[in-house]
Every structure is written in structure tokens, then in C-alpha cells.
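A short worksheet on the structure shown next.
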Amino acid sequence: MINRSYGSAALDNAVDAFASLPGIGRKTALRLVLHLLRQPECDVENFGSILSTLKKDIHYCKNCHNISETEICSICSDSSRDRTRICIVENIQDVMAIENTMQYNGMYHVLGGIISPIDGIGPADLEIASLLERCKKESIQEIIFALSPTMEGDTTAFFISRQIGNPDIKMSVIARGIAVGNSLEYADELSLGRSIINRTKME
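Plus 179 on top of the position in the sequence shown (first one is 1) and you've got our numbering.
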């Protein structure tokens, strides 16, 4: 598909940049760019500065791989949280979704995806090795798999549970209050909260 030119290289480049974002088509990208053009120059400069600062200041927690402005994220450094439980999630949005339920007070581990051979994603592409290391070094009593209820999510949970291989660590999965095939990111907080509370032992 040939991208339409808008008669200005600067405009074309800006539209291309916005259209490269997930879920943003060229029509929406053009609308956003034209909106920015109507704003005062100082506002546009501030917008660009915020994005630049975001990229420079936001890092990944070296412990759980959640986003953080420091080496260790605020969740991992919170002494009031239950350090005997680790909730395994696919991405950072899932951490935010679970935190919004206010039904979980343990730790997290962000895999950065799930095993999906069709997409070329294998165990080595995920943050599994660091999770196994945590299970060896930390006093973990329970691993909660809060992965999307898909075949790929189930495959990932099964693989990790076998890799951990510690009978003293309880393995559980969130209850299937989340419709099969749905992403946790789009689940309502009530259903997600109940799924955390009513988690079941992993067979």
C-alpha cells in the first residue's frame, strides 16, 4: 500500500511517525498532527520534551521488569507487600490492571510476552531465566499465573511451572472469570479482582 503524500515532507514524516504507533491509522495520525499544528509552539515543544524525558527517565526494574524511574520499582521496594507471592504477568499493562483491583498485595514478574511459536516467540525471548533465579534466591511460597486465558498463555504457564519444579512452591492460576481468549488488559476490574481472589491450584 502506497502512503498518501500531504504535500509537505515535514507533515508526511509526522503522520508516518504517529501512524507507526499501535492502533493508530493514517487518518487518526493526520488528525493528531493537524491538532498539534494548531497549538501554541510552546505547548508542542513541551509535548516533545515530555516524550523525550519519558524515554530517558523510564527504565525497567531489574528485579521484576516493571517500569520504574529507579533501579528497583516502587512495588518491589515497598516493604509492606507480601514477598512470598509472585504474580506472573505478560506485560506492564497487566500489572496496572491488577493493581487497580486493589485485591493483590504481593510481588510481580513481567515476562514481556508469552510463548507463541507462530509468532517466533520462545522461552529464551521472555524473562523466564530471571524468574527462575528469583525462585531460588527468594522465599517464595506461591506463584500466581495471571496470564491471558489463551492456548499460548496456558502453554507458558505450564512450561514455567515445569521449569520451577519446586514442590514447596504452590502454583495457582487466576480463576476463569475472564472470558477465554480475552486479554487481562481489557478485563473489567471487578472480574479481574475476583479472578485473583478465587485463584485455583494449578494441576
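Glycine residues also receive a C-beta, built at the ideal position from the N, C-alpha and C atoms. Remember, predicted model here, so these are calculated numbers, not experimental data.
Here DSSP, grouped into helix, strand and coil, assigns lysine 235 to helix.
Within the model, the alpha-carbon separation for proline 328 versus cysteine 221 is close to 46 Å. For the stretch 276-341, the full-length beta strand (DSSP E) segments reaching 3 residues or more read 285-289 and 321-324 along the chain.
The closest CA to that of tyrosine 283, considering only Asp261, Gln272 and Gly301, is found on Asp261. By DSSP's assignment, isoleucine 267 forms a beta bridge with His288 and Phe324. Counting along the chain, the unbroken beta strand (DSSP E) around lysine 349 starts and ends at 349-352.
Contact fails between the stretch 304-322 and the stretch 245-259, because fewer than three Cβ pairs, one in each stretch, are under 8 Å apart. Annotation: methionine 330 to glycine 292 spans about 13 Å, alpha carbon to alpha carbon.
Just so you know, the alpha carbons of leucine 326 and glutamate 269 end up roughly 6 Å apart. Contact between isoleucine 251 and cysteine 266 fails: their C-beta atoms lie close to 17 Å from each other, not under 8 Å. Phenylalanine 226 and arginine 378 have their alpha carbons spaced roughly 42 Å apart. CA-to-CA, the gap between lysine 349 and alanine 189 works out to about 56 Å. By a beta-carbon distance limit of 8 Å, isoleucine 339 does not contact isoleucine 297. Their separation comes to about 19 Å. In this structure arginine 205 does not touch alanine 196 by the C-beta definition: roughly 11 Å separates them, more than the 8 Å allowed. When the Cα atoms are used, threonine 263 and asparagine 345 turn out to be separated by approximately 14 Å. Here aspartate 273 is buried. Its C-beta has 16 or more other C-beta atoms within 10 Å. C-alpha of proline 302 to C-alpha of serine 351: approximately 20 Å in a straight line.
For isoleucine 203 and lysine 316, the gap between their C-alpha atoms comes out near 43 Å.
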